[in-house]
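A short worksheet on the structure shown next.
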Amino acid sequence: MKLAVPPTLLALALIQAPDASLAFAPLSTPPHCPHKHHHRHHHHHDPLARRQHRRQSSSLRMVGFKDPREKENAEAMKAVSRLNYETKKVKKWLAELMQDNEADSDTPPAPSGGSPADDIGLLGGGGGYSAISAAAAPAAAAEYTASYKPSLRADLGNTVLLTGTYHPTLLRVLNNNDFGSRESAGGGGSGDLVPNFEFRKIILAVQGGEEAAKEVKKRVISRENRYSGLLDKLVIEAEETLLPSPERMEGVTSWIVRLDKGQASEMLPQVAELASGCAALKNVLVMVEGVDSMAGTVDGWESLLHAGKDKFQSTLLAVGELYDAGTEGKFYHIGNFVGGEVSSLASSSVEMTNADANAPTMFRDDAYLTLANLLALECSSNKALGAYEFSATSMEKVLSPIDETPKKVLKDGEFVPEDVPEEDEWKAVKYANRIVRGMRELGFSRLAELDVLLDKGVNGYIEYMNAPPKPLARYEKKKDKWDEIDEKIMAQLDAELAVSEAKRKAEEEQQYKEEVEGMARDWAIREYALRSLRDEVDGMTEREFIQSVWEEALEEGEKLYATINSESYKRKLEKKDISEDNHEFFYEGMDPKERRKRELIMEKVKRQYLEMFGEDDELEVEEEDELEV
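Numbers -23 to -1, 1 to 606, taken from mature numbering (1 follows the signal peptide of the UniProt record, and there is no 0), label the letters of the sequence shown in order.
Written out as structure tokens, the structure reads:
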């Protein structure tokens, strides 16, 4: 059964949460009651249980639920429980992505920010964005040890040109310095830092001549921009036309252009021509503002895409009407723009045909924040993208549980599933909502969120659900990054041991060869002397004789080497050493008891010898029991 979402639950979904991990959560689970498994009549006798029940009821009344036993509120609580369950399933998929991404990616993690507790940012989450870490990640991320590293562009260069815009949010992100940001006010730092933004020069091409350039300079100069280092990078250039001259484009490596919908058809071909003539240019990012529908078209995009082939990467972001005042925390859609040449979405999908997509709007700060981050991501390369926010009316459908249960009909007296169950047309949007909520709870960075939504997205999650990984047996432990590190270390140690073992064997073989050859040479010399006495060498010199019998000498050397290193020969030497030691009264390695016994005998003999000469007064007579062993 589909659960409807009451207005109370919808309002909660749009309220700014005090904790970033819950910023996108429509409603937290009610306080845990330790007696929830007891029978109901126990509450009448247990004061603690009664207080807990009152506390839970009060908490529910504070958020709009007068009594959880009322039907409307019970349905809402079921909807919240279902929403949390759907998000939990998504988090398992995200955990798999994190594990796979960390094993495969060499991209450095995004700089970690502070606690995003005060702002609600893009896609309904907190204002601060940090990579998953023990210090900054929400409590929900504690069970996951991996982090997600987005795939970033590697050729942004050090000079970026802005045409048609000088929005402060865009400048702040391009400056890539957290001084003065809202998130760093408490000392935590900004989550907007982008690892591959290393621009040393930010050029503003201002249309309207010198007077317009002076006006822009007045607006841009501020204490925050001065201390953040933006003014050291910023260059404001006056232009008579919207687009800069070819001379101004020299040395520019990245170009961001903002156009109105009415200008796009005329200006995009000119942007393409100007960009194709710039040798250093590697990235062109165009935002077209004021599109009527996400199912529309942007004339001229194909010309830019064609001009950039094998020269530079192009990205188009289409947005509708942008507003400056309003509430943050709305849920946004971002995906392929149907009017773009590379779009893969069907025009009949609910993402493109709902009322919000047909009259798209977006908060201006979030639009420019998205624009800046798209420049950093590899997955946005050569794509036409569209973004818009969902209204409160649409959020009623988005926050309702996903209907994945097949419908049943009465057939032959039994309820059986329909052959073609009715599909939930908002399913894809709901999946995207759960993915964003799961990423917020796991502490994904802003870049990581956009990378997941654009690169994997809902289709990636659906593929995961259709073919989930095989569950591990009870005794089988899934490898984490530390297991992989241990395996690499062990493999390295094994390789080093193998090298050491090979070296040791080579040294042993060389030593064996040298010893055998030495024994062979000694045998040949002795044999030459003996045969010379018997006159059997036929006038050969010693060297010539050794060469003639060398093979035989090697065999004799190997036999002698085997004999010397045999156990029988070693035992024979030990017996010889023992027999030689027995001729001495004291010898090295002697048994301690035997040594003590012989010392006492020596003392006794010495005393008797001295008594024979009358010198017993000089002796200290020892006790008789000392003579006993």
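Note that beta-carbon positions come from the ideal geometry of N, C-alpha and C, so glycine has one too.
Computed from a prediction, not measured in an experiment: that's the story for all the values here.
Own chain residues within Cβ distance below 6 angstroms of residue i, not counting five before or after
i, result
"Leu348", "Met264 and Leu294"
"Lys307", "Glu366"
"Arg341", "Leu299 and Asp301"
"Glu216", "Ala182 and Gln184"
"Met589", "none"
Alpha-carbon to alpha-carbon, residue j and residue i
i, j, result
"Met442", "Asn436", "10 angstroms"
"Glu73", "Pro446", "9 angstroms"
"Trp527", "Glu491", "14 angstroms"
"Ala94", "Ile439", "Its pLDDT being 33, under 50, Ala94 is placed unreliably by the model, and the measurement read from it follows with that caveat. The straight-line gap from Cα to Cα measures roughly 32 angstroms."
"Tyr505", "Val582", "57 angstroms"
"Gly285", "Leu139", "18 angstroms"
"Ala468", "Gly415", "36 angstroms"
"Glu473", "Arg481", "12 angstroms"
"Glu456", "Asp132", "According to the sequence shown, residue 456 is Lys rather than Glu. Spanning the two alpha carbons is a distance of roughly 34 angstroms."
"Lys178", "Ile466", "43 angstroms"
"Phe176", "Arg59", "46 angstroms"
"Ser167", "Ala332", "Legend: pLDDT at Ser167 = 42, less than 50; position of this residue unreliable, value from coordinates given subsequently. When rounded, the distance between both Cα atoms is 35 angstroms."
"Gly516", "Leu531", "23 angstroms"
"Ser205", "Phe174", "15 angstroms"
"Ser357", "Leu430", "11 angstroms"
"Gly91", "Trp459", "No answer about Gly91 holds up, because its pLDDT of 37 lies below 50 and its placement is not dependable."
"Arg28", "Asn50", "Below a pLDDT of 50, predicted positions are generally treated as unreliable, and Arg28, at 42, falls in that range; no measurement from the model is reported."
"Leu100", "Leu470", "Bear in mind that the predicted position of Leu100 carries a pLDDT of just 45, short of 50, making it unreliable; the figure below should be weighed with that in mind. Leu100 and Leu470: Cα-Cα distance of roughly 47 angstroms."
"Thr292", "Gly239", "19 angstroms"
"Ala344", "Leu351", "11 angstroms"
"Ile213", "Ala425", "32 angstroms"
"Leu208", "Phe289", "28 angstroms"
"Asn78", "Val413", "18 angstroms"
"Arg411", "Leu129", "24 angstroms"
"Glu227", "Asp287", "19 angstroms"
Among the options, the one whose alpha carbon lies nearest that of residue i
i, options, result
"Ile541", "Lys570, Val493, Asp512 and Lys574", "Val493"
"Val296", "Phe289, Lys195, Asn313 and Asp287", "Asn313"
"Ile523", "Met496, Gly228, Lys307 and Glu201", "Met496"
"Phe367", "Pro337, Glu513 and Met579", "Pro337"
"residue 609", "Phe176, Ser270 and Val261", "An answer regarding residue 609 cannot be provided, because it is not within the stretch -23 to 606 covered by the chain."
"Glu533", "Glu519, Arg503 and Met567", "Arg503"
"Phe562", "Ile578, Lys547 and Arg548", "Ile578"
"Ala501", "Gln585, Glu519 and Phe340", "Glu519"
"Ser270", "Lys238, Asn335 and Val212", "Asn335"
"Leu148", "Arg203, Arg130, Glu187 and Leu129", "Arg203"
"Ala272", "Phe340, Gly186, Leu362 and Lys288", "Leu362"
"Glu402", "Ala252, Gly566, Val375 and Tyr309", "Val375"
"Leu170", "Asn152, Ser231, Gly185 and Lys191", "Asn152"
"Lys210", "Arg548, Asn135, Glu544 and Ser545", "Asn135"
"Glu461", "Glu63, Trp70, Lys65 and Gln76", "Gln76"
Endpoints, the beta strand (DSSP E) within which residue i is located
i, result
"Tyr258", "Reading off the sequence shown, one finds Leu at residue 258, where the question assumed Tyr. Careful: Leu258 lies outside any beta strand (DSSP E) and carries neither H nor E."
"Val212", "Leu211 to Glu216"
"residue 610", "Within the shown structure, residues of the chain are numbered from -23 to 606, placing residue 610 beyond reach of any answer."
"Val137", "Thr136 to Thr140"
"Asn202", "Careful: Asn202 lies outside any beta strand (DSSP E), inside the alpha helix (DSSP H) at Arg200 to Tyr204."
"Ile311", "Tyr309 to Asn313"
"Ala361", "Lys360 to Glu366"
Same chain, Cβ closer than 7 angstroms to residue i, five either side skipped, listed in chain order
i, result
"Lys404", "Ile379"
"Tyr143", "Leu181, Val193 and Val197"
"Gln247", "Leu220"
Where the alpha helix (DSSP H) through residue i begins and ends
i, result
"Ser231", "First-last for Ser231: Ser231 to Asp237, but that is the beta strand (DSSP E), not the alpha helix (DSSP H)."
"Met339", "Unbroken run through Met339 is the beta strand (DSSP E), Thr338 to Phe340; no alpha helix (DSSP H)."
"Gly510", "Looking at the sequence provided, one finds Leu at residue 510 rather than Gly. Segment Lys458 to Leu510, the alpha helix (DSSP H) holding Leu510."
"Thr146", "Pro145 to Asn152"
"residue 613", "The question about residue 613 has no answer here: the residues shown for the chain are numbered -23 through 606."
"Tyr586", "Pro569 to Met589"
"Ala425", "Arg423 to Asp428"
"Gly534", "Trp527 to Ile541"
"Val296", "Unbroken run through Val296 is the beta strand (DSSP E), Gln290 to Val296; no alpha helix (DSSP H)."
"Leu170", "That residue, Leu170, is in no alpha helix (DSSP H); it is neither H nor E in DSSP."
"Ala272", "First-last for Ala272: undefined, no H or E at that position."
"Asp333", "Ala332 to Asn335"
"Ser371", "Ala369 to Val375"
"Met226", "Neither: Met226 is in no alpha helix (DSSP H) and is coded neither H nor E."
"Ile439", "Gly434 to Asn443"
Residue i CB to nearest heavy atom of the ligand SAH below 6 angstroms
i, result
"Ser270", "Ligands are entirely absent from the displayed structure, and the ligand SAH is therefore not among its contents."
8 angstroms Cβ shell around residue i - same chain, five flanking residues per side excluded
i, result
"residue 607", "No answer is possible for residue 607: it lies beyond the span of the chain, which begins at -23 and ends at 606."
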